[in-house]
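Here the protein sequences line up with chains A, B, C and D, keeping their order.
The opening residue of the first sequence carries number 1 in our numbering; numbering runs sequentially from there.
The opening residue of the second sequence carries number 1 in our numbering; numbering runs sequentially from there.
The opening residue of the third sequence carries number 1 in our numbering; numbering runs sequentially from there.
The opening residue of the fourth sequence carries number 1 in our numbering; numbering runs sequentially from there.
In what follows, a single structure is set out as structure tokens and then discussed.
There are 4 protein chains.
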Amino acid sequence: MTKVDESAAVDAVGASRPMRKDAARNRALLLTAARDVFRERGLDASLDDVAARAGVGVGTAYRHFANKHELARAVLSERIEEMIQLAESSAATRDAWQGITTFIEGAATAQTTDRGLREVLMGAHDPQQMEQIHDRMTGPLRGLVARGKTEGVLRDDVQATDVGVVMMMLCTVADVTADTAPDLWRRYLPVLLDGLRPGKALPVPPIEEDEFRAAMSTYKQRMQGAGG
Amino acid sequence: MTKVDESAAVDAVGASRPMRKDAARNRALLLTAARDVFRERGLDASLDDVAARAGVGVGTAYRHFANKHELARAVLSERIEEMIQLAESSAATRDAWQGITTFIEGAATAQTTDRGLREVLMGAHDPQQMEQIHDRMTGPLRGLVARGKTEGVLRDDVQATDVGVVMMMLCTVADVTADTAPDLWRRYLPVLLDGLRPGKALPVPPIEEDEFRAAMSTYKQRMQGAGG
Amino acid sequence: MTKVDESAAVDAVGASRPMRKDAARNRALLLTAARDVFRERGLDASLDDVAARAGVGVGTAYRHFANKHELARAVLSERIEEMIQLAESSAATRDAWQGITTFIEGAATAQTTDRGLREVLMGAHDPQQMEQIHDRMTGPLRGLVARGKTEGVLRDDVQATDVGVVMMMLCTVADVTADTAPDLWRRYLPVLLDGLRPGKALPVPPIEEDEFRAAMSTYKQRMQGAGG
Amino acid sequence: MTKVDESAAVDAVGASRPMRKDAARNRALLLTAARDVFRERGLDASLDDVAARAGVGVGTAYRHFANKHELARAVLSERIEEMIQLAESSAATRDAWQGITTFIEGAATAQTTDRGLREVLMGAHDPQQMEQIHDRMTGPLRGLVARGKTEGVLRDDVQATDVGVVMMMLCTVADVTADTAPDLWRRYLPVLLDGLRPGKALPVPPIEEDEFRAAMSTYKQRMQGAGG
DNA sequence: TATGAATGAGAGTTCATTCAT
DNA sequence: AATGAATGAACTCTCATTCAT
Numbered sequence: 001m002t003k004v005d006e007s008a009a010v011d012a013v014g015a016s017r018p019m020r021k022d023a024a025r026n027r028a029l030l031l032t033a034a035r036d037v038f039r040e041r042g043l044d045a046s047l048d049d050v051a052a053r054a055g056v057g058v059g060t061a062y063r064h065f066a067n068k069h070e071l072a073r074a075v076l077s078e079r080i081e082e083m084i085q086l087a088e089s090s091a092a093t094r095d096a097w098q099g100i101t102t103f104i105e106g107a108a109t110a111q112t113t114d115r116g117l118r119e120v121l122m123g124a125h126d127p128q129q130m131e132q133i134h135d136r137m138t139g140p141l142r143g144l145v146a147r148g149k150t151e152g153v154l155r156d157d158v159q160a161t162d163v164g165v166v167m168m169m170l171c172t173v174a175d176v177t178a179d180t181a182p183d184l185w186r187r188y189l190p191v192l193l194d195g196l197r198p199g200k201a202l203p204v205p206p207i208e209e210d211e212f213r214a215a216m217s218t219y220k221q222r223m224q225g226a227g228g
Numbered sequence: 001m002t003k004v005d006e007s008a009a010v011d012a013v014g015a016s017r018p019m020r021k022d023a024a025r026n027r028a029l030l031l032t033a034a035r036d037v038f039r040e041r042g043l044d045a046s047l048d049d050v051a052a053r054a055g056v057g058v059g060t061a062y063r064h065f066a067n068k069h070e071l072a073r074a075v076l077s078e079r080i081e082e083m084i085q086l087a088e089s090s091a092a093t094r095d096a097w098q099g100i101t102t103f104i105e106g107a108a109t110a111q112t113t114d115r116g117l118r119e120v121l122m123g124a125h126d127p128q129q130m131e132q133i134h135d136r137m138t139g140p141l142r143g144l145v146a147r148g149k150t151e152g153v154l155r156d157d158v159q160a161t162d163v164g165v166v167m168m169m170l171c172t173v174a175d176v177t178a179d180t181a182p183d184l185w186r187r188y189l190p191v192l193l194d195g196l197r198p199g200k201a202l203p204v205p206p207i208e209e210d211e212f213r214a215a216m217s218t219y220k221q222r223m224q225g226a227g228g
Numbered sequence: 001m002t003k004v005d006e007s008a009a010v011d012a013v014g015a016s017r018p019m020r021k022d023a024a025r026n027r028a029l030l031l032t033a034a035r036d037v038f039r040e041r042g043l044d045a046s047l048d049d050v051a052a053r054a055g056v057g058v059g060t061a062y063r064h065f066a067n068k069h070e071l072a073r074a075v076l077s078e079r080i081e082e083m084i085q086l087a088e089s090s091a092a093t094r095d096a097w098q099g100i101t102t103f104i105e106g107a108a109t110a111q112t113t114d115r116g117l118r119e120v121l122m123g124a125h126d127p128q129q130m131e132q133i134h135d136r137m138t139g140p141l142r143g144l145v146a147r148g149k150t151e152g153v154l155r156d157d158v159q160a161t162d163v164g165v166v167m168m169m170l171c172t173v174a175d176v177t178a179d180t181a182p183d184l185w186r187r188y189l190p191v192l193l194d195g196l197r198p199g200k201a202l203p204v205p206p207i208e209e210d211e212f213r214a215a216m217s218t219y220k221q222r223m224q225g226a227g228g
Numbered sequence: 001m002t003k004v005d006e007s008a009a010v011d012a013v014g015a016s017r018p019m020r021k022d023a024a025r026n027r028a029l030l031l032t033a034a035r036d037v038f039r040e041r042g043l044d045a046s047l048d049d050v051a052a053r054a055g056v057g058v059g060t061a062y063r064h065f066a067n068k069h070e071l072a073r074a075v076l077s078e079r080i081e082e083m084i085q086l087a088e089s090s091a092a093t094r095d096a097w098q099g100i101t102t103f104i105e106g107a108a109t110a111q112t113t114d115r116g117l118r119e120v121l122m123g124a125h126d127p128q129q130m131e132q133i134h135d136r137m138t139g140p141l142r143g144l145v146a147r148g149k150t151e152g153v154l155r156d157d158v159q160a161t162d163v164g165v166v167m168m169m170l171c172t173v174a175d176v177t178a179d180t181a182p183d184l185w186r187r188y189l190p191v192l193l194d195g196l197r198p199g200k201a202l203p204v205p206p207i208e209e210d211e212f213r214a215a216m217s218t219y220k221q222r223m224q225g226a227g228g
């Protein structure tokens, strides 16, 4: 599940020519190292640390990734790729409600163990390429939510963005309590899921998907300004 | 409500001697400036900026606060002082449920407008002196929660820490959507409050208060390591 | 003549307060070091080298000067200040022709010994503040040229900019032959001066002063792009 | 006139064996690319850029040229080759004075359009191989100057080096005013040419040819030290 | 022979912290 | 007690040069 996606190496240079073997290896090493370092210490970790962990010179990092943001984005997209697959497989579940549960649990679990992933999901670096990724993730979720309404397990005013927000809230709990009570977030899972079920309406309307994307990119300037 | 707490100046130098008047004034200026700066730009703002805003030399900041973290903590405790008062006044409400509502709404609103406050609440710096502050906040809340159970508006397995977690989740939403949909967090307020009302039990037990304090301090090492 | 102008220290912070003694000393040390280093190795020398030569940390350089360009400009303006004075004293000469000679010889000599000065005169960094400096230098020269025409030692189509161009040409020779034939530029001095005297007209019109300033700033982007 | 001199390829590997055809082609591609890049962006352009422009790997550049300076020198000699031809054709002119005029105008024009050429002419990199090139250029010029004296259009104390210096001065003007007044250098052309005509003697003797070569190489160490 | 990935020293710049004034 | 100048490690990024493929 967390195996480095070496096929990405091909995408990086376009379809023109397969990447040299050592280059591909180093790219993989860098991605792995970056993921580990960012996971443990967040996006403020230095590129020197990442390169050192990968057993590679800094310059090599800059050959593969234009700058720190690109590397972070690459690591992110790799992880998000996993989440997209999770969203897709969840959307393919026969029972819509179980699909939602599966997705939220899986996504929260993933982010629980990765500080950088959470930072980047909340304060995206490069909105452009992230947007399409979000699009790809919102696609399945939208289908899932629609099906949930048809099956009568979701309120009519629920939207795909609500799923994202719920996930976000749980991730916050999971992140803060990671060391002391790593499962505490599960305590609030049924509460939030219940909130999506039919019953009395929610007072404030949900945000549209583009607003949600914008919100996720909120921190962009902050993080760039902070040198993140 | 946001008045600078000058009595804290006594704690800073110990109880031995009252602080000189200009020193006390500078301490107050620094706290005010730090609060403003951290509120606007977060904890990554430089101490030079804080000192400049206070109209004071950096050295003065270091006379009053051992380091940046201490200053941040001081500002935090100041804000928490406000929240303690909010907790106390909420606990004094005749209707327990309204007290809870008032507290959560107030706390979430407060954090919505203060980037530094949220950063510091999720990544506390110095657990030691913060602990006593948390103690003071948990006190009223515990009473409030107890009364809520008596009045039959809270489930038996709800604890004071749950209120803190709920608040945290809402703050996350508020923070991320601050620019695009600043009121979206209210959409999830009733969902989470409902989760505290009597009904089916929560699957995972709550954390004890000391665990909660520890959880709030989780990031300490991270932030120090990150130079934040 | 080349003594560090310590009074500039006061100008730097404005008239508000005299600079602290050690700060003034370090500022002087930095200016001296920068002038020496830039003189010997040109504007591509690193700030670390300048700081080391001054016996001071890099950070100190950045306290006094916003960036490398500022420091270079400061050194430049110091030297140009000398040239302005040379222009003024030359313009005050009773004999206009001798004034011109004195100025050109003096200016060429100054630039001969300072690689950075020449680089910066040809590829100014900060056109804004340099502009006013140029204005101050062109003032006396314009007067001198006018008087030269009145006295019949200069052609009517000669302008102040011509003096600048002549100086530039001599400096080029002086610069290139600095090590092998440091006085060679004097061989071409009378040729160029003769060119300004009455006789047959010059085929191409001179440039206006604003064009000249623009030309002097030509390299600006180049040098900045080059990291200079 | 600007055709790549492929015969130089033989010199590069020694006379031992003719270069392989594709190697020769790459060498030519590199020279062309380097000339274009250096012309446009000066000698600070990176070798990666040159190689990319040539459609060739960096490594290939290092197979043909020991380092960046060698490549720059090669490009220079290529251009000087053109100037040698200009010198030769100018020297073949029936009228000596017109020959000199033609040469100076041509050389100045050439350098006007080539930033790298001027940089390298004023700060030559490798005196050794450049020397022979200079010899070849000075040859025709010496003849031209001699004939000029015979024809009575040049002073007796004029030497071939004077022609080079005059050219250099004009190039400086041309370079600095390239964007604002690209023809201004012509204003000073008759002045400098007049300086060579019979009349009153020049006060300072000219430099000998070896001194001139040395002067042209003056910057060598500077530029290498500067990383240029 | 050609390639271009890898390297790492070094550039400019920032900022928490110390210490002379 | 207050000041703010000084420090220097740390950061991101560039590029001449080397070397495995």
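In this text, a Cβ means the ideal position worked out from N, Cα and C, and glycines have one as well.
Checklist entry - Tell me which same chain residues have a C-beta within less than 7 Å of the C-beta of A178/B, skipping the five on either side of it? => result Translated into positions along the second sequence, residue 178/B becomes position 178. Cβ within range, chain order: T112.
Checklist entry - When DSSP labels each residue in this structure, what does R186/D get in the three-state scheme? => result Your numbering for residue 186/D matches position 186 in the fourth sequence. Reduced to three states, the DSSP call for R186/D is helix.
Item to check | Candidates L76/A, V166/A and L184/A: closest to V176/B by CA position | outcome: For the purposes of this step, residue 176/B is taken as the residue at position 176 of the second sequence. Ranking L76/A, V166/A and L184/A by Cα distance to V176/B puts V166/A first.
Checklist entry - Under 8 Å between C-beta atoms, does V173/C make it to chain D? => result By one-based count along the third sequence, residue 173/C stands at place 173. For V173/C, the answer is yes, since a Cβ of chain D falls inside 8 Å of its Cβ.
Next on the checklist: Using C-beta distances below 8 Å, list every residue in its chain close to P182/D, excluding the 5 sequence neighbours before and after it, in chain order.
Outcome noted: The residue you call residue 182/D lines up with position 182 of the fourth sequence. T112 and A174, listed in sequence order.
Next on the checklist: Using the three-state DSSP reduction, which class does R53/D fall into: helix, strand or coil?
Outcome noted: Taking the first residue of the fourth sequence as 1, we reach residue 53/D at position 53. It is helical.
Next on the checklist: So, for S46/B: in the same chain, excluding its five sequence neighbours on each side, which residues have a beta-carbon less than 6 Å away from its beta-carbon?
Outcome noted: For the purposes of this step, residue 46/B is taken as the residue at position 46 of the second sequence. Here the set comprises nothing.
Checklist entry - Is it right to say D95/C is buried, meaning 16 or more other beta carbons lie within 10 angstroms of its own, or is it exposed? => result Numbered from 1 along the third sequence, position 95 holds the residue referred to as residue 95/C. Flag for D95/C reads exposed.
Next on the checklist: Looking only at its chain, what residues have a beta carbon closer than 7 Å to the beta carbon of V58/B, apart from the 5 residues adjacent to it on each side?
Outcome noted: Residue 58/B sits at position 58 when you count from the first residue of the second sequence. Cβ within range, chain order: L47, D48 and A51.
Item to check | Chain-ordered neighbours of L184/A on chain B, where CB pairs are closer than 7 Å | outcome: Residue 184/A sits at position 184 when you count from the first residue of the first sequence. Those within 7 Å of L184/A in chain B are V204 and I207.
Checklist entry - Nearest to A23/A by CA position, among R53/A, G139/A, V204/A and F65/A, is which residue? => result For the purposes of this step, residue 23/A is identified with residue 23 of the first sequence, where counting begins at 1. Answer by Cα proximity: F65/A.
Checklist entry - Counting only beta-carbon atoms, is V176/C nearer than 8 Å to chain D? => result Numbered from 1 along the third sequence, position 176 holds the residue referred to as residue 176/C. V176/C counts as touching chain D.
Item to check | Sequence-distant residues of the same chain with beta carbon closer than 7 Å to V236/C, five excluded per side | outcome: In this structure chain C extends from 1 to 228, so residue 236/C is not present and cannot be described.
Next on the checklist: For chain B, check one thing: does any of its Cβ atoms lie closer than 8 Å to the Cβ of M168/A?
Outcome noted: Within the first sequence, residue 168/A is the residue found at index 168, counting from 1. Yes, its Cβ sits closer than 8 Å to a Cβ of chain B.
Checklist entry - Are the segment 83 to 95 of chain D and the segment 137 to 147 of chain D touching by the rule of at least three beta carbon pairs closer than 8 Å? => result yes
Checklist entry - Hey, is V56/D close to the ligand FAD, as in C-beta under 7 Å from one of its heavy atoms? => result Ligands are entirely absent from the displayed structure, and the ligand FAD is therefore not among its contents.
Checklist entry - V145/C touches chain D at which residues, Cβ-Cβ below 8 Å? => result What you label residue 145/C is simply residue 145 of the third sequence in a count that begins at 1. Per Cβ cutoff of 8 Å: no residues; V145/C is ~15 Å from chain D at best.
Next on the checklist: For a test of the three-state rule: what should DSSP assign to S89/A, helix, strand or coil?
Outcome noted: In the first sequence, the residue the question calls residue 89/A occupies position 89. Helix.
Item to check | Backbone secondary structure at G59/B - three-state DSSP | outcome: Translated into positions along the second sequence, residue 59/B becomes position 59. Three-state result, G59/B: helix.
Checklist entry - To which residues of the same chain is P205/B closer than 8 Å at the C-beta, ignoring the five residues directly before and after it? => result Locating residue 205/B in the second sequence gives position 205, counting from the first residue. Contacts found: D157.
Checklist entry - For Q230/D, which three-state DSSP category applies? => result Any question about residue 230/D goes unanswered here, given that chain D covers just 1 to 228.
Checklist entry - What's the gap between the Cα of L137/A and the Cα of L117/A? => result Looking up residue 137/A in the first sequence gives position 137. Looking up residue 117/A in the first sequence gives position 117. According to the sequence shown, residue 137/A is Met rather than Leu. Their Cα atoms are separated by approximately 15 Å.
Item to check | Closest residue to Q85/B among D162/B, A107/B and H69/B (Cα-Cα distance) | outcome: For the purposes of this step, residue 85/B is identified with residue 85 of the second sequence, where counting begins at 1. Of D162/B, A107/B and H69/B, the residue nearest in Cα terms is A107/B.
Checklist entry - From C171/C to L184/D, what does the alpha carbon distance come to, in whole angstroms? => result Sequence index remark: in the third sequence, residue 171/C carries index 171 (1-based). Sequence index remark: in the fourth sequence, residue 184/D carries index 184 (1-based). If you take the alpha carbons of C171/C and L184/D, they lie about 18 Å apart.
Item to check | Distance, R53/D Cα to R27/D Cα | outcome: As a working mapping, residue 27/D is identified with position 27 in the fourth sequence. As a working mapping, residue 53/D is identified with position 53 in the fourth sequence. The alpha-carbon atoms of R27/D and R53/D are separated by roughly 13 Å.
Item to check | Buried versus exposed, by CB contacts within 10 Å (16 or more), R73/D | outcome: Position 73 of the fourth sequence, counted from the first residue, corresponds to residue 73/D. Buried, by the Cβ-count rule.
Checklist entry - Could you give the C-beta distance for V191/D and V37/C, rounded to a whole number, given that I count them as a contact under 8 Å? => result Position 191 of the fourth sequence holds residue 191/D. Position 37 of the third sequence holds residue 37/C. Not really, about 36 Å apart at Cβ, beyond 8 Å.
Item to check | Classification of E151/A by the beta-carbon crowding that lies within 10 angstroms, buried from 16 upward | outcome: Indexing the first sequence from 1 puts residue 151/A at position 151. Exposed, by the Cβ-count rule.
Next on the checklist: Alpha carbons only, please: which of L71/C, G195/C, G99/C and T161/C is nearest the one belonging to D135/C?
Outcome noted: One-based indexing of the third sequence puts residue 135/C at position 135. For D135/C, the nearest C-alpha among the options comes from T161/C.
Checklist entry - Where does the unbroken alpha helix (DSSP H) through E40/D begin, and where does it stop? => result For the purposes of this step, residue 40/D is identified with residue 40 of the fourth sequence, where counting begins at 1. Looking at the DSSP string, the run of the alpha helix (DSSP H) that includes E40/D is K21 to R41.
Checklist entry - Could you give the residue range of the alpha helix (DSSP H) that holds D44/C? => result Numbered from 1 along the third sequence, position 44 holds the residue referred to as residue 44/C. That residue, D44/C, is in no alpha helix (DSSP H); it is neither H nor E in DSSP.
Item to check | Any chain B beta carbon closer than 8 Å to R35/A | outcome: On the first sequence, position 35 is the one that residue 35/A refers to. Not one chain B Cβ lies under 8 Å of R35/A.
Checklist entry - Closest to G99/D by CA distance: which of E40/D, M168/D, M169/D and K149/D is it? => result In the fourth sequence, the residue the question calls residue 99/D occupies position 99. Closest option to G99/D, Cα to Cα, is K149/D.
Checklist entry - Given L71/A, which residues of its chain have a CB within under 6 Å of its CB, disregarding the five upstream and five downstream residues? => result To locate residue 71/A, count along the first sequence from 1; it is residue 71. The residues are A34 and F65.
Checklist entry - Taking the C-alpha atoms as reference points, what is the distance between G195/C and Y188/D? => result Here the question's residue 195/C lines up with position 195 in the third sequence. Here the question's residue 188/D lines up with position 188 in the fourth sequence. G195/C and Y188/D: Cα-Cα distance of roughly 8 Å.
Checklist entry - Of the residues R25/A, K21/A, R41/A and Y62/A, which one's Cα is nearest the Cα of E119/A? => result In the first sequence, the residue the question calls residue 119/A occupies position 119. It is R41/A whose Cα lies nearest to the Cα of E119/A.
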